[in-house]
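Numbering (our numbering), first residue to last: 56 to 168.
Here a beta-carbon is modelled for each residue, glycine too, at the ideal position from N, C-alpha and C.
The block underneath contains the structure these notes are about, expressed in structure tokens.
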């Protein structure tokens with residue numbers, strides 16, 4: 056299994072509506088694909104997602120196609136920074152948000168605009 060954790064810090068609260076629109080379409084894409092589990096949380100400028108995939112190939116196919124690809128192409132416009140972590144995961148359940156945020160802080164890749 057592959058665990059993917061993402062943190063998005065928006066440039067301003069006004070971008071929340073764009074993020075919501077992109078997220079709606081990305082989640083629809085996610086539910087049609089091979090994602091095993093998914094959850095999200097966030098408020099204001101700070102938003103997180105977590106998903107569990109059978110393989111790295113499944114994750115890459117999702118991330119580089121459809122609605123998610125379109126959202127990523129617009130990310131520099133709405134996000135001040137994005138942290139991403141994809142890591143092997145031995146359990147069939149998602150970690151707690153505390154565990155996920157700690158892993159993301161320690162091992163995640165950061166993009167800033």
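Within 10 Å of its beta-carbon, does residue 152 have 16 or more other beta-carbons around it, so buried, or fewer, so exposed? exposed
Beta-carbon proximity list for residue 142, same chain, < 6 Å, skipping 5 on both sides: 58
Who pairs with residue 139 in a beta bridge, going by DSSP? 61 and 164
Can you find the residues in the same chain that come closer than 7 Å, C-beta to C-beta, to residue 94, ignoring five residues on each side of it along the sequence? So the qualifying residues of the chain are 105 and 149.
Look up residue 94 in the DSSP assignment and say whether it is helix, strand or coil. Strand at residue 94.
Where does the unbroken beta strand (DSSP E) through residue 81 begin, and where does it stop? No beta strand (DSSP E) holds residue 81; the alpha helix (DSSP H) holding it covers 71-87.
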